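Taking the working numbering, I'd label the letters of the sequence shown as residues 2 to 333. First up is the structure itself, then whatever we jot down about it.
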Amino acid sequence: MPNPSFPRRFVFASAAALLLASACASSDDPFLGEEERIRFVVGRGCGSSTAIAVGATASVRLESATEDALPGELGVVSENPSIITARMGLEPATVDLSAHKSGESRIEITSEGDAYDAIVFSAQPALTVSRVTEPRVFAGGAVDVVVNDVMGKCGDGECKLLGEGFLDWRAEPPDLASFVLDFQGVATFRAKAPGTVTLLGREPVTSSDLVTEAVQIVPAASATKIQALLMGRNFDPEKPSSVIGLPGSIPRPDAFSLTVIVDVTEGGTIQVSRRDVVWRVQGEEIVLEAPTGDNRDPLATHFLTSGTGKVTLVADIEMLGMEQAFELDLLP
2 MPNPSFPRRF VFASAAALLL ASACASSDDP FLGEEERIRF VVGRGCGSST AIAVGATASV
62 RLESATEDAL PGELGVVSEN PSIITARMGL EPATVDLSAH KSGESRIEIT SEGDAYDAIV
122 FSAQPALTVS RVTEPRVFAG GAVDVVVNDV MGKCGDGECK LLGEGFLDWR AEPPDLASFV
182 LDFQGVATFR AKAPGTVTLL GREPVTSSDL VTEAVQIVPA ASATKIQALL MGRNFDPEKP
242 SSVIGLPGSI PRPDAFSLTV IVDVTEGGTI QVSRRDVVWR VQGEEIVLEA PTGDNRDPLA
302 THFLTSGTGK VTLVADIEML GMEQAFELDL LP
């Protein structure tokens, strides 16, 4: 069971994220091309459409809709590049789209210069966005706004829009925080000084703020104790995930993530961005830090396991001048 001193909202949010990931991981909505040769796979989850938020970029994955593999030397052409521009992505069989103004454009996929398949994408202004951010952060720390669903008006109703990177981000007052980067649906700010800062994201067509988030910035000297929460994950979907507080023991999972939570003198806790935590592994080399993983989970650092036994995980948070060692026993 999770350590009762951890925020219950984190445990529930983490569990919900796992459930949503498993429910939507294979349900990216594929749209069949006009010639029924290509499936255009769009979106990051359930309920995607072929509408892109104006000002946004979106990546579309191409899959063969027939028994044959996709042909070689793929290219892409947009019939209305003033509305939507298109280019082949860096990843194989992907197309990057950028929406510039409202309207539609037929996106044609070519093979060795000849037309192969096509689909129509539209561009619409975003009306609302759902997002998540931490309510408190330490001065000097990173604070992230994770944009989840972007909604617009398609026809007579509301629809989910594709794309990211279309909001103009700023912090008010600017002396308390600065905008750093908007990448893969996550806007990162750096907190500068104690106080209450408002993080805002402005839509380019209507110039309205679709994101307004107040964040309390706490002095680094308020930190008193570092805690760590471990979420074990297995590659086999039939095996359950588990959550424990460290130090502790757990049947060895295939992988796990660690999130750092710090107690503060003012009361409550603050979850620290993984950008501000450096982990060291001491002991048997049965745990290895993995690549970044999902950028949309800015709190968790990911690890892979290669065996059972005891290991020490050390969290170093330079901005707080603190580090803490945690013992972990990976059971057979």
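The beta carbon of each residue, even a glycine, is placed where N, CA and C say it ideally should be. Here the structure is a predicted model, which is why all the values come from computation and not from measurement.
Beta-carbon gap between residue i and residue j smaller than 9 Å
i	j	result
residue 35	residue 119	yes
residue 224	residue 264	yes
residue 330	residue 310	yes
residue 202	residue 150	no
residue 280	residue 221	no
residue 94	residue 56	no
residue 251	residue 231	yes
residue 167	residue 181	no
residue 306	residue 289	yes
residue 194	residue 146	no
residue 98	residue 65	no
residue 287	residue 273	no
residue 186	residue 275	no
residue 192	residue 138	yes
For residue i, the three-state DSSP class (helix, strand or coil)
i	result
residue 230	strand
residue 54	strand
residue 223	helix
residue 321	helix
residue 240	coil
residue 328	strand
residue 64	strand
residue 253	coil
residue 91	coil
residue 113	coil
residue 102	coil
residue 38	coil
Residue i, buried or exposed, once every other Cβ within 10 Å from all chains shown has been counted against 16
i	result
residue 27	Unreliable placement is indicated for residue 27, whose pLDDT of 38 sits below 50; the coordinate value is still reported in the next sentence. When all chains shown are included, residue 27 counts as exposed.
residue 83	exposed
residue 245	buried
residue 335	No statement about residue 335 is possible, as the shown extent of the chain runs from 2 to 333 and does not include it.
residue 299	buried
residue 197	exposed
residue 302	buried
residue 92	exposed
residue 122	buried
residue 126	buried
residue 165	buried
residue 291	exposed
residue 68	exposed
residue 142	buried
residue 204	buried
Nonlocal neighbours in the same chain, by C-beta distance under 7 Å from residue i, ignoring five residues either side
i	result
residue 72	112, 117
residue 213	199, 201
residue 1	This structure cannot speak to residue 1, because the chain is shown only from 2 to 333.
residue 128	152, 153, 154
residue 79	85, 86, 87, 106, 108
residue 328	248, 311, 313
residue 270	8, 262, 263, 264
residue 206	55, 126
Residues near residue i in its chain [Cβ-Cβ closer than 6 Å; skip 5 each side]
i	result
residue 81	106
residue 173	199
residue 235	254, 255
residue 239	none
residue 22	Any reading at residue 22 needs caution, since the residue's pLDDT is 39, under 50, leaving its predicted position unreliable; the model's value is listed next. Same-chain partners within the cutoff: there are none.
Min CB distance residue i to chain E below 9 Å
i	result
residue 239	Going by chain labels, chain E is absent from the structure shown, which holds only one protein chain.
Contacts around residue i, its chain only, beta-carbon distance under 8 Å, and the 5 residues preceding and following it disregarded
i	result
residue 50	30, 43, 44, 155, 160, 161, 162, 163
residue 332	250, 251, 252, 253, 309
residue 130	148, 149, 150, 151, 152, 168, 202, 211, 212
residue 77	87, 88, 89, 96, 108, 109, 110, 111
residue 63	39, 40, 41, 42, 71, 75, 94, 95, 96, 110
residue 324	227, 315, 316, 317, 318
residue 243	232, 233, 251, 252, 254
residue 183	165, 166, 168, 170, 189
Residue i beta carbon near the ligand NAP (any heavy atom closer than 8 Å)
i	result
residue 279	With respect to the ligand NAP, the structure shown offers nothing to examine, as it has no ligands at all.
Worksheet item: In chain order, which beta strand (DSSP E) runs of at least 3 residues are fully inside the region 164 to 216?
Response: 169 to 173, 178 to 184, 187 to 192, 196 to 203
Worksheet item: Hey, which unbroken runs of the beta strand (DSSP E) at 3 residues or more fall wholly within the region 262 to 312?
Response: 270 to 273, 279 to 284, 288 to 290, 302 to 306
Worksheet item: Which ranges would you report for the alpha helix (DSSP H) in the region 131 to 157 if only whole runs of at least 4 residues count?
Response: none
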